[in-house]
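Asks: Okay, here's the structure, questions in a sec.
2 protein chains.
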Amino acid sequence: MLCDHDSNGIVHMELPVSSPFHPPQRTLMGPGPSDVSPRVLAASARPTIGHLDPLFVGLMDDVKRLLQFAFQTKNELTIPLSAPGSAGMEAAFVNLLEPGDKAIVCQNGVFGGRMKENVERCGCTAVMVQDRWGDPVDPEKVAEAISAHPDAKVLAFVHSETSTGVRSDARLLCGMAQSAGMLSIVDAVTSLAGIELPVDDWGADVVYSGTQKCLSSLPGISPITFSPAAVEVIATRRHKVQSWFLDMNLIMGYWGEGAKRAYHHTAPVNAVYALHESLLMLEEEGLGASFTRHRNNHLKLVEGLSRLGLDLAVSEPWRLPQLNAVVIPEGKDDAKIRRRLLEDFNLEVGAGLGELAGRQWRIGLMGSSSNQVNISRCLTAFESVLAS
Amino acid sequence: MLCDHDSNGIVHMELPVSSPFHPPQRTLMGPGPSDVSPRVLAASARPTIGHLDPLFVGLMDDVKRLLQFAFQTKNELTIPLSAPGSAGMEAAFVNLLEPGDKAIVCQNGVFGGRMKENVERCGCTAVMVQDRWGDPVDPEKVAEAISAHPDAKVLAFVHSETSTGVRSDARLLCGMAQSAGMLSIVDAVTSLAGIELPVDDWGADVVYSGTQKCLSSLPGISPITFSPAAVEVIATRRHKVQSWFLDMNLIMGYWGEGAKRAYHHTAPVNAVYALHESLLMLEEEGLGASFTRHRNNHLKLVEGLSRLGLDLAVSEPWRLPQLNAVVIPEGKDDAKIRRRLLEDFNLEVGAGLGELAGRQWRIGLMGSSSNQVNISRCLTAFESVLAS
Numbered sequence: 000m001l002c003d004h005d006s007n008g009i010v011h012m013e014l015p016v017s018s019p020f021h022p023p024q025r026t027l028m029g030p031g032p033s034d035v036s037p038r039v040l041a042a043s044a045r046p047t048i049g050h051l052d053p054l055f056v057g058l059m060d061d062v063k064r065l066l067q068f069a070f071q072t073k074n075e076l077t078i079p080l081s082a083p084g085s086a087g088m089e090a091a092f093v094n095l096l097e098p099g100d101k102a103i104v105c106q107n108g109v110f111g112g113r114m115k116e117n118v119e120r121c122g123c124t125a126v127m128v129q130d131r132w133g134d135p136v137d138p139e140k141v142a143e144a145i146s147a148h149p150d151a152k153v154l155a156f157v158h159s160e161t162s163t164g165v166r167s168d169a170r171l172l173c174g175m176a177q178s179a180g181m182l183s184i185v186d187a188v189t190s191l192a193g194i195e196l197p198v199d200d201w202g203a204d205v206v207y208s209g210t211q212k213c214l215s216s217l218p219g220i221s222p223i224t225f226s227p228a229a230v231e232v233i234a235t236r237r238h239k240v241q242s243w244f245l246d247m248n249l250i251m252g253y254w255g256e257g258a259k260r261a262y263h264h265t266a267p268v269n270a271v272y273a274l275h276e277s278l279l280m281l282e283e284e285g286l287g288a289s290f291t292r293h294r295n296n297h298l299k300l301v302e303g304l305s306r307l308g309l310d311l312a313v314s315e316p317w318r319l320p321q322l323n324a325v326v327i328p329e330g331k332d333d334a335k336i337r338r339r340l341l342e343d344f345n346l347e348v349g350a351g352l353g354e355l356a357g358r359q360w361r362i363g364l365m366g367s368s369s370n371q372v373n374i375s376r377c378l379t380a381f382e383s384v385l386a387s
Numbered sequence: 000m001l002c003d004h005d006s007n008g009i010v011h012m013e014l015p016v017s018s019p020f021h022p023p024q025r026t027l028m029g030p031g032p033s034d035v036s037p038r039v040l041a042a043s044a045r046p047t048i049g050h051l052d053p054l055f056v057g058l059m060d061d062v063k064r065l066l067q068f069a070f071q072t073k074n075e076l077t078i079p080l081s082a083p084g085s086a087g088m089e090a091a092f093v094n095l096l097e098p099g100d101k102a103i104v105c106q107n108g109v110f111g112g113r114m115k116e117n118v119e120r121c122g123c124t125a126v127m128v129q130d131r132w133g134d135p136v137d138p139e140k141v142a143e144a145i146s147a148h149p150d151a152k153v154l155a156f157v158h159s160e161t162s163t164g165v166r167s168d169a170r171l172l173c174g175m176a177q178s179a180g181m182l183s184i185v186d187a188v189t190s191l192a193g194i195e196l197p198v199d200d201w202g203a204d205v206v207y208s209g210t211q212k213c214l215s216s217l218p219g220i221s222p223i224t225f226s227p228a229a230v231e232v233i234a235t236r237r238h239k240v241q242s243w244f245l246d247m248n249l250i251m252g253y254w255g256e257g258a259k260r261a262y263h264h265t266a267p268v269n270a271v272y273a274l275h276e277s278l279l280m281l282e283e284e285g286l287g288a289s290f291t292r293h294r295n296n297h298l299k300l301v302e303g304l305s306r307l308g309l310d311l312a313v314s315e316p317w318r319l320p321q322l323n324a325v326v327i328p329e330g331k332d333d334a335k336i337r338r339r340l341l342e343d344f345n346l347e348v349g350a351g352l353g354e355l356a357g358r359q360w361r362i363g364l365m366g367s368s369s370n371q372v373n374i375s376r377c378l379t380a381f382e383s384v385l386a387s
């Protein structure tokens, strides 16, 4: 096998021609994907059936019910989109916004910047509320933006910033949107099943997530939920949604309540099997128990990192238990250390993203990855590579 | 288990709460998904690794090479999009077209109509070339449209119309586009690995497909290839691509040749494992052998159907061997027969789509589904249900 390292410390290997791929058993403690349990992998490998098969249609109903449970919502339009979380983000914006609309977008990391891209590509104006990467969204700045732009249709923010490990006060922000008569769009890609995400209680309008974070299912699907107010806006649009693939008016014909299950696209059948199994596991554990597990394991990890002299980058009240941003100590070689963790310990941790590249690591404790064995493995590995 | 039948003959069942889903072993002879081999299912259930893991990056290179082989192309930008074929279609249009552009769109079934939707949602004009559903695209009408609209940027058509079982003359149509200085967009969702698809030889510019047809991999990914001319157009756009998720300028940073493998979205890792395995199987069999197998099995099926008094809807030279459109005999109950095939024989065949609903069945012989056992099973099942 040929290897070389590029300037990012990423190893490129050429596989031999026509050889089956047998991945190693990594410990996935980056920003996702997280460790997928054998139970979920086994479910995903069950025989493929048709996307219009009555048995698959029955499964779809069960997946919708389980997603409502996970999102803590009664929203009828609560479904898995057949594409990753970034398509979930796009679905939120292209369905709610029409050309000429204005959206207030809070940015305190990479993903707020993507929201801006999405707003502008809809032919709309993004009013940006900027906060330092590593801080939560500042509600006072949001209040100012709302009072300066009362005509904005949408207030969008990231609940769990995967690039910085920061939580923002979603309850407060959704309430502010509601009071101002705006719709809220909440990025909860890293939140779902890891920390409280009571969609109805917050009065959130569109909330999207991913399957490869705290659900620990296969990457590739975006669970998303729309409030009745959001559905009303989508149903009464003046222009067609610019994306045919993500047009909820069409997707509702396949996934919607009492729908005729009209063909729209071929659902990723086996990925839906996997999602279903991961949601069953969540239901068995219980939402509250899952949140407590994520919280307790986070505290254990932080304690251990502190013994190794590693500091967290985020102030305590706003830390995400499922994604720990760690300051890279002065003089340590980021890429070399991550490479050693991967090659010698089969351990993946995340690099810093965007302006935090080279300055932070991101250690995930998401879903199935959030357990005592992984914490011990991670601490042992860091102790070893930092000492050498 | 509660069941009821709706007006389409689709059975809705309520699953018991919180029960794992164990699908039956269906024989998939509809318009896709096709039978996924145990080898591909096993590959898909291997341990998930990170989408930026050097080993995954190596796998990506091998998948690209194998897709170039399957598409018979040297196009560098030949990748699997992380979403189904309908997203592949959208990627083709949103990347090539800019607001105000004009595209000639050939429609002879459902999917040409989707192309029109895509063109219009890009803020562009679709010049439609209509043919009867069940006929191939008429090159004379296309020539007329080209001479009436020499300013069109794109000529788009469906090579294998999945809704009607009809092939069109892609070589001729791509040549006409090239002579007129237009870019060609070719829907090859049902073509890839089933019939000749020599992308470079045709001079096709953007060709997209799906994984769940003649590749017999898991549904959810769209292989797509862009000619150097198409890449040049995308790289020199005046406006940003309206879809962030499908913007090839961004996706090239992750999948592109010599790219830094910059994070764009989380790839559907396990679905890529499955795709890789299915492409290895195709390479082992050989493209020519796969085409011959599809052709021979089609002839056997047609012979058997004819003995049962069932006629094909498409004239012989334009029949797709991988998708056989069968005329429903007078007085036979479409939904009831498909339900009996499914419930009594675990056999899925496709209903008619759009204006052909209730008038035709679509019997697929795609990829792993194209074999003698399936043909016998299908003929036996039809013989039984038609007799009663």
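Which chain is which? The protein sequence lines are A and B, in order. Once you know that position 208 of the first sequence is 207 in numbering that gives the first Met the number 0, the rest is easy, because the numbers rise by one and skip nothing. Once you know that position 54 of the second sequence is 53 in numbering that gives the first Met the number 0, the rest is easy, because the numbers rise by one and skip nothing. C-beta: ideal position from N, C-alpha, C; glycine also. Small disclaimer: the values here were computed from a predicted structure and weren't measured.
Could you check whether the Cβ of Glu75/B sits closer than 8 Å to any Cβ belonging to chain A?
Replies: Here residue 75/B is taken as the residue at index 76 of the second sequence, counted from 1. No, its Cβ sits nowhere closer than 8 Å to a Cβ of chain A.
Asks: Among Ile145/B, Gln129/B, Arg166/B, Ser305/B, whose alpha-carbon lies nearest the alpha-carbon of Lys101/B?
Replies: Position 102 of the second sequence, counted from the first residue, corresponds to residue 101/B. The shortest Cα separation from Lys101/B among Ile145/B, Gln129/B, Arg166/B, Ser305/B belongs to Ile145/B.
Asks: Anyone know if the C-beta pair for Gly49/A and Pro32/B falls short of 8 Å?
Replies: Locating residue 49/A in the first sequence gives position 50, counting from the first residue. Locating residue 32/B in the second sequence gives position 33, counting from the first residue. Yes, the Cβ-Cβ distance between Gly49/A and Pro32/B is below 8 Å.
Asks: Excluding five sequence neighbours on each side, which residues of the same chain lie with their C-beta closer than 6 Å to the C-beta of Pro222/B?
Replies: The count along the second sequence starts at 1 and reaches residue 222/B at position 223. Short of 6 Å from the beta carbon of Pro222/B, and not among the five residues preceding or following it, lie these beta carbons of its own chain, in chain order: Leu66, Pro79, Ser208.
Asks: Is DSSP giving Ser183/A helix, strand or coil here?
Replies: Start at 1 with the first residue of the first sequence, and residue 183/A comes out as number 184. DSSP places Ser183/A in strand when its eight states are reduced to three.
Asks: Indicate the three-state DSSP secondary structure (helix, strand or coil) for Glu329/A in the structure shown.
Replies: For this step, residue 329/A is matched to residue 330 along the first sequence. If DSSP states are grouped into helix, strand and coil, Glu329/A belongs with coil.
Asks: At least one CB of chain A closer than 8 Å to the CB of Trp254/B: is that the case?
Replies: To locate residue 254/B, count along the second sequence from 1; it is residue 255. Cβ-Cβ to chain A under 8 Å: no for Trp254/B.
Asks: Considering only the beta carbon of each residue, do Glu89/A and Asn117/A sit closer than 8 Å?
Replies: Locating residue 89/A in the first sequence gives position 90, where the first residue counts as 1. Locating residue 117/A in the first sequence gives position 118, where the first residue counts as 1. Their beta carbons are under 8 Å apart, which means Glu89/A touches Asn117/A by this criterion.
Asks: Using the Cα positions of His11/B and Phe20/B, report the straight-line distance between them to the nearest angstrom.
Replies: Against the second sequence, residue 11/B aligns to sequence position 12. Against the second sequence, residue 20/B aligns to sequence position 21. At His11/B the pLDDT is 44, less than 50, meaning the model places this residue with poor confidence; the figure from the coordinates comes in the next sentence. For His11/B and Phe20/B, the distance between alpha carbons rounds to 15 Å.
Asks: Between the Cα of Thr189/B and the Cα atoms of Val384/B, Met365/B, Ser375/B, Leu378/B, which residue gives the shortest distance?
Replies: As a first step, residue 189/B is located in the second sequence; it is residue number 190 there, counting from the start. It is Met365/B whose Cα lies nearest to the Cα of Thr189/B.
Asks: Would His50/B pass as an interface residue toward chain A - the criterion being a Cβ-Cβ separation below 8 Å?
Replies: Taking the first residue of the second sequence as 1, we reach residue 50/B at position 51. Yes - at least one Cβ of chain A is within 8 Å of the one on His50/B.
Asks: Could you check what DSSP says for Trp317/A in three-state terms: helix, strand or coil?
Replies: By 1-based counting over the first sequence, the position of residue 317/A is 318. Trp317/A: helix per DSSP, three-state reduction.
Asks: Val120/A versus chain B: which residues are under 8 Å apart at the beta carbon?
Replies: Numbered from its first residue, the first sequence carries residue 120/A at position 121. In the sequence as displayed, the identity of residue 120/A is Arg instead of Val. By Cβ distance, chain B contributes Lys239, Val240, Gln241, Ser242, Trp243.
Asks: Candidates Leu54/B, Leu76/B, Arg120/B: which alpha carbon is nearest Arg237/A's?
Replies: Taking the first residue of the first sequence as 1, we reach residue 237/A at position 238. Residue Arg120/B is the option with its Cα nearest to Arg237/A.
Asks: In whole angstroms, what is the alpha-carbon distance linking Pro227/B and Lys63/B?
Replies: Here residue 227/B refers to the residue found at position 228 of the second sequence. Here residue 63/B refers to the residue found at position 64 of the second sequence. The alpha-carbon atoms of Pro227/B and Lys63/B are separated by roughly 16 Å.
Asks: Taking DSSP as the reference, what is the three-state secondary structure of Met127/B?
Replies: Taking the first residue of the second sequence as position 1, residue 127/B is located at position 128. Reduced to three states, the DSSP call for Met127/B is strand.
Asks: Can you tell me where the beta strand (DSSP E) with Glu223/B in it begins and where it stops?
Replies: Counting from one through the second sequence, the residue named residue 223/B turns up at place 224. Position check: residue 223/B holds Ile in this sequence, whereas Glu was assumed. Element bounds for Ile223/B: 221-225.
Asks: The alpha helix (DSSP H) that contains Trp201/A, what's its start and end?
Replies: Here residue 201/A is taken as the residue at index 202 of the first sequence, counted from 1. Trp201/A -> alpha helix (DSSP H) spans 198-201.
Asks: So what does DSSP say about Leu322/B, is it helix, strand or coil?
Replies: The residue you call residue 322/B lines up with position 323 of the second sequence. Three-state DSSP puts Leu322/B in a strand.
Asks: Is the beta carbon of Val230/B less than 8 Å from the beta carbon of Ile184/B?
Replies: As a first step, residue 230/B must be located in the second sequence, where it is residue number 231. As a first step, residue 184/B must be located in the second sequence, where it is residue number 185. It is not a contact, given that the beta carbons lie outside the stated cut-off.
Asks: How far does the alpha helix (DSSP H) with Pro138/A in it extend, from its first residue to its last?
Replies: Numbered from 1 along the first sequence, position 139 holds the residue referred to as residue 138/A. Looking at the DSSP string, the run of the alpha helix (DSSP H) that includes Pro138/A is 138-147.
Asks: Going by beta-carbon coordinates alone, are Gly219/A and Thr210/A separated by less than 8 Å?
Replies: Residue numbering aside, residue 219/A sits at position 220 when the first sequence is read from its first letter. Residue numbering aside, residue 210/A sits at position 211 when the first sequence is read from its first letter. One thing to note: Gly219/A has its Cβ within 8 Å of the Cβ of Thr210/A.
Asks: With DSSP run on the structure shown, which of helix, strand or coil describes Glu354/B?
Replies: Translated into positions along the second sequence, residue 354/B becomes position 355. Here DSSP, grouped into helix, strand and coil, assigns Glu354/B to helix.
Asks: Grab the span of the alpha helix (DSSP H) containing Thr291/B for me, first residue to last.
Replies: Within the second sequence, the letter at position 292 stands for residue 291/B. First-last of the alpha helix (DSSP H) with Thr291/B: 286-306.
Asks: What are the start and end residues of the alpha helix (DSSP H) that includes Gln250/A?
Replies: Working through the first sequence from its first residue, we reach residue 250/A at position 251. According to the sequence shown, residue 250/A is Ile rather than Gln. Its alpha helix (DSSP H) spans residues 247-254.
Asks: Can the beta-carbon of Pro138/B be found closer than 8 Å to that of Leu182/B?
Replies: For this step, residue 138/B is matched to residue 139 along the second sequence. For this step, residue 182/B is matched to residue 183 along the second sequence. The beta carbons of Pro138/B and Leu182/B sit no closer together than 8 Å.
Asks: Are Leu319/A and Ala270/A closer than 8 Å when you measure CB to CB?
Replies: Here residue 319/A corresponds to residue number 320 of the first sequence, with the count starting at 1. Here residue 270/A corresponds to residue number 271 of the first sequence, with the count starting at 1. Against a cut-off of 8 Å, the Cβ pair of Ala270/A and Leu319/A comes out as no contact.
Asks: Are any of the Cβ atoms in chain A nearer than 8 Å to that of Tyr262/B?
Replies: Walking along the second sequence from the start, residue 262/B turns up at place 263. Yes, Tyr262/B counts as interfacial toward chain A.
Asks: Three-state secondary structure (DSSP) at Ala380/B?
Replies: Your numbering for residue 380/B matches position 381 in the second sequence. Correct three-state label for Ala380/B: helix.
Asks: Measure from the alpha carbon of Val126/B to the alpha carbon of each residue in Asp134/B, Leu322/B, Ala155/B, Ser85/B, then state which is nearest.
Replies: As a first step, residue 126/B must be located in the second sequence, where it is residue number 127. Nearest of Asp134/B, Leu322/B, Ala155/B, Ser85/B to Val126/B, Cα basis: Ala155/B.
Asks: Give me the Cβ distance between Val56/A and Cys105/A, rounded to the nearest whole Å; I'm assuming they're in contact under 8 Å.
Replies: Position 57 of the first sequence, counted from the start, is the residue given in the question as residue 56/A. Position 106 of the first sequence, counted from the start, is the residue given in the question as residue 105/A. 39 Å between Cβ atoms; not a contact.
Asks: Please go through the same chain and pick out, in chain order, the residues whose beta-carbon is closer than 7 Å to the beta-carbon of Glu276/B, but skip the five residues on each side of it.
Replies: Reading the second sequence from its first residue, position 277 is the one you call residue 276/B. Counting only Cβ-Cβ distances below 7 Å, and skipping sequence neighbours, we find Arg38, Val39, Ala42.
Asks: List the residues of chain B that Gln211/A touches, going by C-beta distances under 7 Å, in chain order.
Replies: Looking up residue 211/A in the first sequence gives position 212. Per Cβ cutoff of 7 Å: Thr265.
Asks: Using a beta-carbon distance below 8 Å, is Ala234/B in contact with chain A?
Replies: Residue mapping note: residue 234/B aligns to position 235 of the second sequence, counting from 1. In terms of beta-carbon proximity, Ala234/B stays away from the interface with chain A, with every pair separated by 8 Å or more.
Asks: Alpha carbon to alpha carbon, how far is Arg113/B from Ile362/A?
Replies: By 1-based counting over the second sequence, the position of residue 113/B is 114. By 1-based counting over the first sequence, the position of residue 362/A is 363. Cα to Cα, Arg113/B sits roughly 43 Å from Ile362/A.
Asks: Can you give me, in chain order, the residues of the segment 31-60 of chain A that have a beta carbon less than 8 Å from any beta carbon in chain B?
Replies: Flagged, chain order: Gly31, Pro32, Asp34, Val35, Leu40, Ala41, Ala42, Ser43, Ala44, Arg45, Pro46, Thr47, Ile48, Gly49, His50, Leu51, Asp52, Pro53, Leu54, Phe55, Val56, Gly57, Leu58, Asp60.
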